[in-house]
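The structure under discussion appears below in the form of structure tokens.
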Amino acid sequence: MERRIEKLGIEEGKKVYYERLVEDFPACEVKPWEKIEQFTEAGLYDMFGMWEEGVLLAYAFVAMDVSKKHLLMDYFAVSNDWRGKGYGQYFLTHIKEKYPGIAGIVFEVEDVKKAENLEDMKIRTKRIQFYEKAGLKLYPLYAKIYDADYQIMFF
534 MERRIEKLGI EEGKKVYYER LVEDFPACEV KPWEKIEQFT EAGLYDMFGM
584 WEEGVLLAYA FVAMDVSKKH LLMDYFAVSN DWRGKGYGQY FLTHIKEKYP
634 GIAGIVFEVE DVKKAENLED MKIRTKRIQF YEKAGLKLYP LYAKIYDADY
684 QIMFF
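Residue numbers (our numbering): 534 to 688.
Below is the structure:
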């Protein structure tokens, strides 16, 4: 099987945004496409996809500061059918390798303490465990962005 990771152009990124991202993330966490497009055109945003045999397995949207030394993993998702099979770990490792010399990547993960119910708490906890397994550290830093509450992790 041929697995490939590619940087997405504007049109490819727009397709992933409208076909996947707006479905995979709560509306309160999704920024308008126009902002993503603006940042991408300014060279401050990258979008990646990981495919195997023509199927999109995962995608990542990465924001950066003007020095390009500090990154924010704005969106990261692995398709439901491909979770728990090592694809996410593989994808994260390869994305980090695309940015040699960076100080690190910040991740915003949904705050476990703000979960709506037990099932939501389990999902949030599992997500943090996935990132910890990938080498991220959870910090006692919190952020409220739009209507979403986050904890901060660093890679």
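The beta-carbon is built from N, C-alpha and C at its ideal position, and this holds for glycine as well.
Item                                                                                                                : Value
Quick one, are the C-beta atoms of F688 and L669 less than 8 Å apart?                                               : yes
Rounding to the nearest angstrom, what Cα-Cα distance links P633 and E545 in this structure?                        : 24 Å
Say the cut is 7 Å; is the CB of T658 nearer than that to a heavy atom of the ligand PLP?                           : You won't find the ligand PLP in this model; it holds no ligand whatsoever.
Do Y620 and A596 count as a contact pair if the criterion is CB distance below 8 Å?                                 : no
Less than 8 Å between the beta carbons of V645 and R657, yes or no?                                                 : yes
Taking Cβ to Cβ, would you say G659 is nearer than 8 Å to D682?                                                     : Looking at the sequence itself, residue 659 is Lys, so the reference to Gly does not match. No, the Cβ-Cβ distance between K659 and D682 is not below 8 Å.
Quick check on the burial criterion: 16 or more other C-beta atoms within 10 angstroms. Buried or exposed for G582? : buried
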